[in-house]
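Quick note: to get this note's numbering, add 30 to the position in the sequence shown (first position is 1).
Positions of the beta carbon are idealized from the N, C-alpha and C atoms, including for glycine.
These numbers were taken from a predicted model, which means no experiment stands behind them.
Below is one structure, written out as structure tokens; comments come after it.
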Amino acid sequence: MYSSFITNHRSFQALSTIQKTLVQAQFLSKGLICVKNNPLTLEDINTFKMLKMPEGDHAKCFAACLFKNIGILDDMGKLTSSGARQSAKQVFANDESSLSKVENIVQECAKVNDEEVKDGDKGCERAALAFACLTQVGPKYGLDLQF
Numbered sequence: 031m032y033s034s035f036i037t038n039h040r041s042f043q044a045l046s047t048i049q050k051t052l053v054q055a056q057f058l059s060k061g062l063i064c065v066k067n068n069p070l071t072l073e074d075i076n077t078f079k080m081l082k083m084p085e086g087d088h089a090k091c092f093a094a095c096l097f098k099n100i101g102i103l104d105d106m107g108k109l110t111s112s113g114a115r116q117s118a119k120q121v122f123a124n125d126e127s128s129l130s131k132v133e134n135i136v137q138e139c140a141k142v143n144d145e146e147v148k149d150g151d152k153g154c155e156r157a158a159l160a161f162a163c164l165t166q167v168g169p170k171y172g173l174d175l176q177f
């Protein structure tokens with residue numbers, strides 16, 4: 031999960047080794063922060079690797095923490111394309127085509143912001159909805175979520 035969001039498809043440029051390293055480093059550093067308050071089991075990690083949301087609040091809240099720290103979710107627990115774009119700039123720099131695709135994916139998944147959730151701006155439930163959407167919509171734009 032720490033390094034799930036990486037692109038490698040003909041509609042995106044294949045990521046260079048440097049870009050992959052940047053993505054992995056960002057997700058790992060943010061993930062290590064989040065796992066302290068939201069411990070994951072080995073089973074949770076393996077479930078994330080299969081692009082599925084593990085059961086339980088720790089996994090959902092881990093995803094919320096990670097998404098907030100990388101800019102996909104804002105402080106109110108809402109999916110944000112501008113935050114995702116800022117984060118993607120660290121990998122794609124000035125590649126406007128790839129940045130636009132990232133933004134389009136998040137905009138398409140922004141429908142999760144309209145879903146009723148019980149945890150409000152904590153964002154755990156919305157992060158689970160966002161994860162499901164991103165893993166479903168991403169491939170349509172060439173986003174391969176597997177390392």
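In terms of residues, what are the limits of the alpha helix (DSSP H) holding residue i?
{"i": "Ile102", "result": "Careful: Ile102 lies outside any alpha helix (DSSP H) and carries neither H nor E."}
{"i": "Glu72", "result": "What sits at residue 72 in the sequence shown is Leu, not Glu. It spans 72–79 - the alpha helix (DSSP H) in which Leu72 sits, taken as one unbroken run."}
{"i": "Lys119", "result": "111–122"}
{"i": "Glu85", "result": "No alpha helix (DSSP H) holds Glu85; DSSP gives it neither H nor E."}
Which term fits residue i, buried or exposed, when burial requires 16 or more other beta carbons within 10 angstroms of its beta carbon?
{"i": "Ile63", "result": "exposed"}
{"i": "Ser117", "result": "buried"}
Measure the C-alpha to C-alpha separation of residue i and residue j and round it to an integer number of angstroms.
{"i": "Cys91", "j": "Leu129", "result": "27 Å"}
{"i": "Asp149", "j": "Leu103", "result": "14 Å"}
{"i": "Met83", "j": "Asn68", "result": "14 Å"}
{"i": "Gly86", "j": "Asp105", "result": "22 Å"}
{"i": "Gly153", "j": "Asn124", "result": "30 Å"}
{"i": "Val136", "j": "Ser111", "result": "5 Å"}
{"i": "Leu159", "j": "Leu96", "result": "14 Å"}
{"i": "Asp151", "j": "Asp144", "result": "13 Å"}
{"i": "Gly107", "j": "Glu126", "result": "26 Å"}
{"i": "Asn76", "j": "Pro169", "result": "20 Å"}
{"i": "Lys66", "j": "Gly172", "result": "32 Å"}
{"i": "Ile48", "j": "Glu146", "result": "39 Å"}
For residue i, which residues in the same chain have their Cβ closer than 7 Å to its Cβ, ignoring the five residues on either side in sequence?
{"i": "Glu138", "result": "Val167"}
{"i": "Ala114", "result": "Gly101, Ile102, Val132, Glu133, Val136"}
{"i": "Val142", "result": "Leu109, Arg156, Leu159, Ala160, Cys163"}
{"i": "Gln56", "result": "Ile100, Gln120"}
If I'm right that residue i touches residue j with Cβ under 8 Å, what's the distance once you round it to whole angstroms?
{"i": "Ala93", "j": "Asp74", "result": "Actually they are not in contact, since the Cβ atoms of Ala93 and Asp74 sit about 10 Å apart, beyond 8 Å."}
{"i": "Leu81", "j": "Thr165", "result": "4 Å"}
Once you ignore the five residues that flank residue i on each side, which residues in its own chain have a CB closer than 8 Å to its CB?
{"i": "Leu52", "result": "Gln120, Val121"}
{"i": "Asn99", "result": "Lys60, Ile63, Cys64"}
Once the 5 residues before and after residue i are set aside, which same chain residues still bring their CB inside 6 Å of it?
{"i": "Ala140", "result": "Leu109"}
{"i": "Leu72", "result": "none"}
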